[in-house]
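As structure tokens, this is what we get:
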């Protein structure tokens, strides 16, 4: 009986692992996209201008929410709204993963 219970559980764990891997952000793509962010936020995530926040090591979920809020207009900043407008959800996730990993 235990054997019949464990097999579906094992399959579910494997499938969930593949689903997470498929949705995982691509840090390399985030780094490539971050080239357009470097003038203000720096490739190392340390701001180049006083008005821009440091992004190095920032919480990934926070960055995703902030970028999506700029894109939707829920958060107001003329420059960021223009920069974020053409980004896809994948671009946003990739950028967030990249800057989260910068130390």
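Numbering (the working numbering), first residue to last: 19 to 121.
Even glycine gets a Cβ: it sits at the ideal position worked out from N, Cα and C.
Taking the CA atoms as reference points, residue 93 sits about 25 Å from residue 47.
Taking the Cα of residue 81 as reference, the smallest distance to any Cα among 120, 44, 115 is reached at 115. DSSP places residue 49 within a helical segment (H, G or I) once states are collapsed to three. Restricting attention to 83, 72, 65, 70, the CA atom closest to the CA of residue 112 is found in 83.
Around the Cβ of residue 57, a 10 Å sphere holds fewer than 16 other Cβ atoms; the residue is exposed.
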